[in-house]
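One structure below.
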Amino acid sequence: MEIATAVGGSILSVCFQGLFDRLSSIDLKKYVGQGQVLAQLKKWEKMLQRIYVVLEDAEEKQTADQSVEIWLSDLRDLAHDLEDIMDELATEVQRRKLEDKPVRPNDKVHKLLSAMCGGANLNLNTIKFNAEMVAKIEETSARLDEIIKQKDELHLAESNRRVSHVTERPPSTSLVNEAKVYGREEDKKAMLKLLNAETSDAQVSVISIVGMGGLGKTTLAQLVYNDPMLEFDLKAWVSVGEDFDVFRVTKTVLHQLGDGGGDNDLNLLQVKLKQNLSWKKFLVVLDDVWTQNYEQWTLFWGPFEAGAAQSRVIVTTRSQDVSLMMGATQAYSLKKLSHNECMSVFAQHALGANNFDDHLELKEIGEEIVKRCGGLPLAAKALGGILKGKPNPDLWKEVLSSEMWELPDNRNNILPALKLSYLHLPPQLKRCFSYCAILPKDREFDRNELVLLWMAEGFLYDKKKMKDSEGLGQNYFDDLLSRSFFQQSNDNKSKYIMHDLIVDLACFVSREVCLHMVGKLQNAKSYAKIRHSSFIPHFMNTFQRFQSFYEMKNLRTLLSWSRYTLKLHHCYELIELPKGICNLLNLQHLDIIGTRKLKEMPPHIGNLTSLCVLTKFIVGKSNGRITELKKLCDLRGQLHITSLENVEVEDIRDAGFANLKDKPGITELHLKWTDEFSYDLRNPSHEEQVLNSMQPHHSLSSLSITSFSGRKFPSWLGEPSFSSMVQVELSNCHQITSLPPLGRLKSLKKLSIKGSSRVKEVGVEFYEDDSCFSCLEMLEIVNMGKWEQWAWSNGLSEDSVVKFPKLHELRLHNCPKLVGKLPNFLPSLEKLVINNCPLLVELPKVLPSLTALSIRRCRGAILKSLINATSLTSLKHLQIIECLELASLVDGEEELLPCSLEVLEVDMCPNLKLLPSGLKDLKCLKDLRISQCRSLVSFPAGGLPHNLICLSLQNCGALEYLPEGIVSHSKYSSDTSHLEKLRISGCKSLGSSSNGKFPDFLKTLEIHNWTTQLLNSLYYGLSHLTDLQIWNCPQLESFPGKELPIPSLISLKIAGCEGL
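For this note's numbering, add 157 to where a residue sits in the sequence shown, where the first one is 1.
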């Protein structure tokens, strides 16, 4: 079906708009003056205007007319060359602005070239540049003439004289063969639940099914629509498509409700529709909706508001924005099929069965073909349809190795279905999306990095702001995300992925411009027009692999290198940057994080005034003086400044030598001095002046200071004006004796203080007032060797002072002299870790939210406060490690461990003799681990709780008996234990009394140093055992009975049994 429709527009139109803007640049006209270059540029502008008006017609006709496709390819390549020339001109303009001493022309050649370039001052470099540029411009003008001539021969229509035609997908119907639908049972149940749910506002509600093209949204709607259990008075199905014609859609709904709908007046149609729907409970499906026109939607929606409560309208769409515009009360995001479900779809259409049982020779190839489908049922159906009735392995291999766009057009509707989404993108989004062809498949990517790459390529120019805009890029990204081109990663919510078929679509629409190299490139193919390329490094990147790159003369992006982007993060062996890098005046993104062997920046790095991202700046002794940063005004994101010990005295005299205070774009700042030489050789006063002059802008959100040897921090650190500061780390500042007033940072969420070894007291200067640290969520204090007192109460009654109201995690490591109390009231604390604080004897009294407590290398006295901490009602995980003096957890008293405990771990407590007698009453305990407790002889009477799932006993050499209930001495006794995993290792004193029957529910059994008698336990029950491990049993020669009667066993490991 062909309809007149307004698609998004030509991808080249954005490129042309950029060229028009640059050709009219005031700076450029000032540079070229009235010479020959200006005349050519004016000619270009007129010629480009003639081409611009036929772009949409050409882009639409290229699919059916190969000559138009070739013309567009040549035009695209020429447009990119024009961009390159404009870049070179802009760079030359910028270079001349930086020249301090222009050379006056004296000879005739100088005067001639000067006249060509409007009387500009020329030096020898300028003369050479002008000669080369004139030659390029003349050659490009000839190509433009040829393009214009071909345009006229192709009879392309101007945009204001043409009607656009885009082939829609075929209209859908409500009919479905449910027997041939796989993997949508749970989705159907979820949708039916949404349909039947009561709504509080008693209005007609919209429920949307959202997902990328080919995912099966229509199929799910069909399954729901035809469910026999649904109770609606009226039902209607409308295949809407790209053209949301209110008249047509209204008439279709009315017709399906039994009214002929013969009127040609929208008002009469809507009145009739309202009369039909009034007080009726109806279900209407609007399939494949694209419109985001709110006025059209509200006009259409009017009659539906007359329906009865619990009426429903189901909308299927590819765009979250469509769902939001319609006011959907629920949006059901449809997920892809599992591999096995997709296999069933593919087999159904390829073989007429739901499996490969009768065609085992094709199963392995079929598995690989289905992997390419990426869970899309449309892809599985289309590829199965191509192979239907053709059980030829060679043909199947041919389909497997073919690119998606090389498959037969008449039987492959995968790319056409996906391409509809692309065609509806506005031109600026088409360009950003097509660039994504350089992203590898099955790899997560960071949205900010992709946006910066777009910006580096000039895709994000904001005409209103007259500059590239990262914010605009974020908007573009969100738009593509809402249209299902991107998906949030399931493994890492901060990362994103593209479906493999969406990557195929990007490769298809940009196949002559973008290239992601997987293996060696084909020698027979030309790559001369490629502008952006990427590759995944192999262990051996051979010369032959990259031979074809010599043909790519105008390559802008190669993985991490482009004229705008140089990405060298984690190049561990890199020792030097190219000296010529400072001539790349358009470089915007320089990422050198993780280059640990790099010792200095290249000369004149400050000339790169276009830099927006510079992740690391190394202050050098010869190159890379700190004053170079002053000229980099547009830096944003993170900045690591290292080797600050190299800052010269004369640089400090230059007030604001790095000018960080005027760089609002920097959100994450790391300042680092060396830690490789003695503090006796450092100059504390000098470093204090340096840090004082490094004051950042108040928009900073994260600050790290490392190995600073000054004796005091600057006054700006802790100023309330840093209202966006959420994270601070002070590390190895060994000369500091008092901490800055960080409590004044009202937005601070994470604070880490490490290695301030001269601080003795954390006191009022740290807090200032009672409202301090109101947002702090994580506090870490590490390696504070002289810290003695935590004066947290500020002289007030400790019960009345509420400190750290939102603190979730508190870590204290290696503070051997800390004797004071911890804050008593921590209402939000969830995790508390105390390590090597032997003088600390008391936990906070009120910890209602604490779920995890770890105590290591502390005295047993601190555990007494655990007994008295009645507020520990949420504690689930208790870890006690290396408490050398600990003899008893709770002094033998019963039931004093928190009853909410789920995991108890005791390790390396050599004097522990007694476990609490109330251990058996911990009803929530699921996991008990005791290791290297050499004085522990037995467990308390009553054994362990029946709900225990995992028990691990390791290197408890004195342990003579297993807990009661773990081994039953009667093979006929009733077994109430739910133990599933048992590990016993290094418990050499366990005697024959431990022999008997293991719990029936046991699934994993791992025992070291087995006795022959203990092996007899394997012959009783164990009907659920799947994993058996036998280690270090040198006396074991054979199993009793010569076999293991455990039918459920999956894994068996035997090691260190030399006699077997």
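The beta-carbon is built from N, C-alpha and C at its ideal position, and this holds for glycine as well.
Who are residue i's beta bridge partners in DSSP?
i       : result
Ser690  : Leu672 and Leu715
Ala247  : Paired residue(s): none; Ala247 is not in a bridge.
Gln1186 : Glu1163 and Lys1210
Arg469  : Ser362 and Leu440
Glu937  : Ser909 and Arg968
Phe602  : Tyr653
Phe982  : Val1003
Val919  : Trp947
Glu886  : Ser861 and Ser909
Ser1224 : With the chain running from 158 to 1217 in the structure shown, residue 1224 is simply not present.
Ala488  : Ser365
Thr766  : Thr766 pairs with nothing; no bridge assigned.
Gly1100 : DSSP lists no partner for Gly1100.
Gln852  : Beta-bridge pairing links Gln852 to no other residue.
Indicate whether residue i and residue j have their beta-carbon atoms separated by less than 7 Å.
i       : j       : result
Arg600  : Phe634  : no
Gly541  : His516  : no
Pro1097 : Ser1074 : yes
Leu440  : Phe389  : yes
Thr863  : Asn889  : yes
Glu1163 : Gln1186 : yes
Ile471  : Val446  : no
Leu860  : Val883  : no
Ser331  : Thr375  : no
Leu1136 : Pro1120 : no
Leu629  : Leu617  : yes
Lys911  : Glu934  : no
Ile242  : Arg588  : no
Cys1144 : Cys1190 : no
Glu802  : Trp830  : yes
Ile749  : Lys788  : no
His797  : Val770  : no
Gly371  : Leu637  : no
Lys311  : Met204  : Contrary to the premise, residue 311 reads as Leu rather than Lys in this sequence. Contact: no.
List the endpoints of the continuous beta strand (DSSP E) containing residue i.
i       : result
Val776  : First-last for Val776: undefined, no H or E at that position.
Asn1236 : Examination of residue 1236 is not possible in this model, given that the chain is present from 158 through 1217 alone.
Gln379  : Counting along the chain, Gln379 falls outside any beta strand (DSSP E), though it belongs to the alpha helix (DSSP H) covering Lys374 to Tyr382.
Cys172  : Not the beta strand (DSSP E): Cys172 falls in the alpha helix (DSSP H), residues Ile168 to Leu180.
Val395  : Leu391 to Gly398
Glu825  : Ile823 to Lys829
Arg1013 : Ala1009 to Arg1013
Val1124 : Looking at the DSSP string, Val1124 is not in any beta strand (DSSP E), and its letter there is neither H nor E.
Can you tell me the Cβ-Cβ gap for residue i and residue j, rounded? I've got them flagged as a contact below 8 Å.
i       : j       : result
Ser1011 : Gln1036 : 4 Å
Leu423  : Thr407  : 7 Å
Asn981  : Arg1013 : So it is not a contact: roughly 22 Å between Cβ atoms.
Ile893  : His854  : Between His854 and Ile893 the Cβ distance is about 24 Å, and since that is not below 8 Å, they are no contact.
Trp944  : Leu975  : 5 Å
From what residue to what residue does the alpha helix (DSSP H) around residue i run?
i      : result
Gln453 : Tyr451 to Trp458
Glu343 : Glu342 to Asn353
Cys499 : His496 to Leu508
Leu423 : Leu423 to Leu434
Lys538 : Pro534 to Ile543
Ser558 : Pro550 to Ser558
Arg529 : Leu517 to Cys530
Leu801 : Note, Leu801: premise wrong, no alpha helix (DSSP H); not H, not E.
His412 : Val403 to Gln413
Is there a Cβ from chain D that is less than 7 Å from the Cβ of residue i?
i       : result
Leu1101 : Protein chain content of the structure displayed is limited to a single chain, and chain D is not contained in it.
Give a yes or no on contact between the region 896-905 and the region 842-850, applying the rule of three or more CB pairs nearer than 8 Å. no
Take every Cβ of the region 192-204, pair it with every Cβ of the region 212-223, and state whether three or more of those distances are shorter than 8 Å. no
Does the region 395-412 touch the region 357-371, meaning 3 or more C-beta pairs lie closer than 8 Å? no
Taking 8 Å as the cut-off, does the region 486-493 touch the region 403-415 (at least 3 CB pairs, one atom from each stretch)? no
Could you say if the region 731-739 and the region 755-767 meet the contact criterion of at least three C-beta pairs nearer than 8 Å? yes
Do three or more CB pairs link the region 538-555 to the region 578-595 at distances below 8 Å? no
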